[in-house]
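Chemist: Sequential numbering of the sequence shown, starting at 297, is according to the working numbering.
All C-beta atoms, glycine included, are put in the ideal place defined by N, C-alpha and C.
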Amino acid sequence: MTREQGVTRVVIAGGGTAGWLAAAALTRQLRGQVAVTLVESDEIGTIGVGEATIPTIRAFHALLGLDENAFLRAAKASFKLGIQFEGWAREGDSYIHSFGALGRGTWMAEFHHMWLEAHAQGFGGELSAACAEHEAARAERFATDENGSLNYAYHLDAGLYARALREQAEAQGLVRIEGRIARVERDGASGDIAALVLEDGARVAGDLFLDCTGFRALLIEGEMQAGWEDWSHWLPTNRALAMQTRAVGPAVPYTRAIAHDAGWRWQIPLQHRVGNGLVYASDFLSDDEARHRFLGLVEGEPLIEPRLIRFTTGRRKRVWVNNCIALSLASGFVEPLESTSIHLTMIAITRLLQLFPFNGSTPALARRFDDLAQRELERVRDFVMLHYVLNQRPEPFWQRMREMELPASLTERIAVWREAAHAWQGADDLFRVDSWVQVMLGQRLEPEGHHHVARLMPPERLRQALADMQAATAATVAKLPTHQQYLDRHGGVAA
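1) Assign His748 to one of two classes, buried (16 or more other C-beta atoms within 10 Å of its C-beta) or exposed (fewer than that).
2) What does a CB cutoff of less than 6 angstroms around Ser705 pick up in its chain, not counting 5 residues either side in sequence?
3) Would you list, in sequence order, the uninterrupted beta strand (DSSP E) runs of no fewer than 3 residues that lie entirely inside the segment 377–463?
4) Taking Gln832 as the reference, give the member of Ala373, Ile353, Asp583 and Leu359 with the closest Cα.
5) With a threshold of 6 angstroms on Cβ separation, who are the neighbours of Arg462 within its own chain once the five nearest residues in sequence on each side are excluded?
6) Going along the chain, which residues of its own chain have a beta-carbon closer than 6 angstroms to the beta-carbon of Met410, five neighbours each way excluded?
7) What is the DSSP secondary structure of His748, reduced to helix, strand or coil?
8) Tell me where the alpha helix (DSSP H) around Val676 begins and ends.
9) Using the C-alpha atoms, what's the distance from Arg671 back to Ile350?
10) Can you name the start and end residues of the beta strand (DSSP E) that Ala478 belongs to?
11) Give the range of the alpha helix (DSSP H) segment to which His529 is assigned.
12) Tell me the rounded alpha-carbon separation between Leu593 and Val630.
13) Tell me whether Ala467 sits in a helix, a strand or coil according to DSSP, three-state version.
14) Which value, in whole angstroms, describes the spacing of the CA atoms of Val729 and Arg675?
15) Could you tell me the boundaries of the alpha helix (DSSP H) in which Gly311 lies?
16) Report buried or exposed for Thr707, applying the criterion of at least 16 other Cβ atoms within 10 angstroms of its Cβ.
17) How many angstroms separate the CA atom of Arg400 from the CA atom of Ala428?
18) Can you tell me which of Pro532, Tyr550, Ile516 and Ala397 puts its alpha carbon nearest to the alpha carbon of Arg606?
19) Should Ala771 go down as buried or exposed, given a rule of 16 or more other Cβ atoms within 10 Å for buried?
20) With distance defined between alpha-carbon atoms, name the residue in Gly469, Asp667, Pro598 and Ala491 nearest to Arg479.
21) Does the separation of the CB atoms of His357 and Gly396 fall below 8 angstroms?
22) Let me know the secondary structure DSSP gives Phe629 once reduced to three states.
23) For Arg785, I'd like the list of residues in its chain whose CB is within less than 6 angstroms of its CB, leaving aside the five on either flank, ordered along the chain.
24) What are the partner residues of Glu336, as DSSP defines its beta bridges?
25) Quick one: is Ser731 buried, meaning 16 or more other Cβ sit within 10 Å of its Cβ, or exposed?
26) Which residue or residues does DSSP assign as beta-bridge partners of Pro549?
27) What residue does the alpha helix (DSSP H) around Gly738 start on, and which one ends it?
28) Are Ala465 and Ala320 touching if we call contact CB-CB under 8 angstroms?
29) Give me the Cα-Cα distance between Ala774 and Ser635, rounded to the nearest whole angstrom.
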């Protein structure tokens with residue numbers, strides 16, 4: 297494909313959440329300008345454990361024109377206000393990383409500096425008491441309103457979600473082809489991918505190819521040899537067991553992330569079931585031991601057998617090579633601790649739409665795309681690492697995490713927080729200041745100093761200001777129904 301020909305045919309290799317998100321977005325946003333074909337095989341399973349999300353999914357759904365109530369019914373989704381971390385700093389500890397703002401600060405200093413001053417003077421209560429999302433999660437309450445009072449995400453059934461996205465994409469003109477890819481046909485002159493050749497001999501030609509083949513990375517690595525940067529020295533967990541169980545109680549509006557001696561496990565409540573997983577480092581826990589432990593820990597009747605997923609944390613050195621772009625697991629992977637997998641797919645698709653190579657792929661476009669993808673994934677990596685390195689647990693796995701050499705970018709963040717309680721959200725950062733603050737305090741990293749802006753007001757005024765914020769939050773949360781009650785009314789629960 298030459299620049300003169302331009303891009304009018306997009307071929308997506310692989311389905312699953314990534315493939316169908318790309319299909320739904322491209323067919324809606326570029327309708328009439330490009331023809332989109334998706335190739336997948338029902339014989340090849342998908343990873344499908346990305347059932348927890350972050351609030352950015354709602355903006356992407358708006359881009360797709362996806363109605364929330366229709367989505368809730370189709371994906372049997374529930375709502376999510378944050379993640380509850382249990383036992384991460386010490387056994388018995390628990391804190392919630394919520395999606396909300398902790399309180400109102402000033403141009404000079406964030407709210408947590410005011411709270412730290414109050415805390416130093418012996419009052420102020422809990423930092424999170426003025427955060428509606430945190431307090432609603434803790435009370436297991438939830439509701440939406442036209443004012444957008446709560447910042448929320450979803451728990452969803454990834455298989456049902458992909459099915460709904462497929463229906464939308466096909467209604468918008470996408471062509472789906474069933475089949476396994478046997479080989480990739482390249483243009484001898486340019487090195488571009490010319491077509492995918494299937495096992496039955498069918499040839500699927502295109503101008504731009506999106507690799508959504510998961511960890512196999514069939515196009516970007518198998519054919520284009522983009523290279524891999526291994527991050528397992530920083531994040532050594534490399535196994536996950538996943539299983540679905542029947543719910544044994546009301547759905548809570550948060551994900552649970554529960555530490556164990558060699559990693560952590562998740563619980564994700566949906567309308568009709570619970571998603572469970574055990575993440576671990578095989579150097580510290582064998583597969584057989586992990587399976588035995590997992591089966592003993594899950595609550596409720598198992599709906600499927602535990603499925604073992606092997607992975608390596610890291611990133612593709614290039615995610616755009618010639619006319620091939622890798623999305624989702626084919627482009628890189630940071631373990632699912634902060635539910636970033638679906639977001640990273642969505643932001644890559646958004647970036648593709650913004651940088652779409654209508655006149656043909658060029659090195660400059662590819663470099664720009666690669667640079668943005670690299671910086672964003674590195675910042676996500678740092679935030680996930682933060683949970684591990686700030687621990688006081690005695691087990692060998694946790695000691696190793698505590699003592700390892702960190703990326704310079706994370707070392708700087710920890711030092712600035714420890715010395716002066718400053719946190720920031722840079723241009724490449726997904727996570728906000730409030731997220732960094734909640735995790736650093738939750739992991740028991742107490743700062744040695746803080747900004748003294750609060751000393752500009754009398755102590756009683758500061759005390760009253762904090763009390764008023766906390767009282768307003770408590771009153772708001774008290775009016776909310778329970779999360780399960782709200783789901784029963786609006787979620788379209790199926791038996």
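Modeler: Quick look at the numbers:
1) Here the question's residue 748 lines up with position 452 in the sequence shown. Around the beta carbon of His748, fewer than 16 other beta carbons lie within 10 angstroms, which makes this residue exposed.
2) The residue labelled residue 705 in the question sits at position 409 within the sequence shown. Closer than 6 angstroms at the Cβ level, and outside the excluded window around Ser705, lie Asp678.
3) As far as the segment 377–463 is concerned, its whole beta strand (DSSP E) runs of at least 3 residues are 378–382, 390–394 and 449–451.
4) One cannot answer for residue 832 here, as it falls past the ends of the chain, which runs 297 to 791.
5) By one-based count along the sequence shown, residue 462 stands at place 166. Same-chain partners within the cutoff: Trp316.
6) The count along the sequence shown starts at 1 and reaches residue 410 at position 114. Taking C-beta separations shorter than 6 angstroms and ignoring five residues to either side along the sequence, the partners of Met410 in its chain run Ala750, following chain order.
7) On the sequence shown, residue 748 is found 452 positions in, with the first residue counted as 1. In the displayed model, His748 falls within coil according to three-state DSSP, outside both helix and strand.
8) Walking along the sequence shown from the start, residue 676 turns up at place 380. Val676: member of the alpha helix (DSSP H) spanning Pro659 to Val685, first to last residue.
9) Position 54 of the sequence shown, counted from the first residue, corresponds to residue 350. Position 375 of the sequence shown, counted from the first residue, corresponds to residue 671. Note on geometry: alpha-carbon atoms of Ile350 and Arg671 lie some 19 angstroms from one another.
10) Position 182 of the sequence shown holds residue 478. That run of the beta strand (DSSP E) goes Ile477 to Arg482.
11) Translated into the one-based positions of the sequence shown, residue 529 becomes position 233. According to the DSSP assignment, His529 belongs to no alpha helix (DSSP H), since it is labelled neither H nor E.
12) In the sequence shown, the residue the question calls residue 593 occupies position 297. In the sequence shown, the residue the question calls residue 630 occupies position 334. Approximately 24 angstroms between the Cα atoms of the pair.
13) Indexing the sequence shown from 1 puts residue 467 at position 171. It is helical.
14) As a working note, residue 729 is residue 433 in the sequence shown. As a working note, residue 675 is residue 379 in the sequence shown. Distance from the CA atom of Val729 to the CA atom of Arg675, rounded to whole angstroms, is 13 angstroms.
15) Locating residue 311 in the sequence shown gives position 15, counting from the first residue. Element bounds for Gly311: n/a, residue is neither H nor E.
16) The residue given as residue 707 occupies position 411 in the sequence shown. Exposed, by the Cβ-count rule.
17) For the purposes of this step, residue 400 is identified with residue 104 of the sequence shown, where counting begins at 1. For the purposes of this step, residue 428 is identified with residue 132 of the sequence shown, where counting begins at 1. Arg400 and Ala428: Cα-Cα distance of roughly 12 angstroms.
18) Taking the sequence shown and counting its residues from 1, the one referred to as residue 606 is at position 310. Restricting attention to Pro532, Tyr550, Ile516 and Ala397, the CA atom closest to the CA of Arg606 is found in Pro532.
19) Here residue 771 refers to the residue found at position 475 when the sequence shown is read from its first residue. By the neighbour-count definition (other C-beta atoms within 10 Å, threshold 16), Ala771 is an exposed residue.
20) Position 183 of the sequence shown holds residue 479. Distance from the Cα of Arg479 is smallest, within the candidate group Gly469, Asp667, Pro598 and Ala491, for Ala491.
21) Mapped onto the sequence shown, residue 357 falls at position 61. Mapped onto the sequence shown, residue 396 falls at position 100. Not in contact: His357 and Gly396 (Cβ atoms no closer than 8 angstroms).
22) As a working mapping, residue 629 is identified with position 333 in the sequence shown. Per DSSP, reduced to three states, the secondary structure at Phe629 is strand.
23) Locating residue 785 in the sequence shown gives position 489, counting from the first residue. So the list is empty, once near-sequence residues are dropped.
24) Looking up residue 336 in the sequence shown gives position 40. Glu474, per the DSSP bridge assignment.
25) Along the sequence shown, read from residue 1 onward, the residue named residue 731 stands at position 435. Around the Cβ of Ser731, a 10 Å sphere holds 16 or more other Cβ atoms; the residue is buried.
26) In the sequence shown, counting from the first residue as 1, residue 549 sits at position 253. Its beta-bridge partners do not exist; DSSP assigns none.
27) Taking the sequence shown and counting its residues from 1, one reaches residue 738 at position 442. Element bounds for Gly738: Val729 to Gly738.
28) In the sequence shown, counting from the first residue as 1, residue 465 sits at position 169. In the sequence shown, counting from the first residue as 1, residue 320 sits at position 24. It is a contact, given that the beta carbons lie within the stated cut-off.
29) The residue given as residue 774 occupies position 478 in the sequence shown. The residue given as residue 635 occupies position 339 in the sequence shown. Answer to the nearest angstrom: the Cα atoms are 28 angstroms apart.
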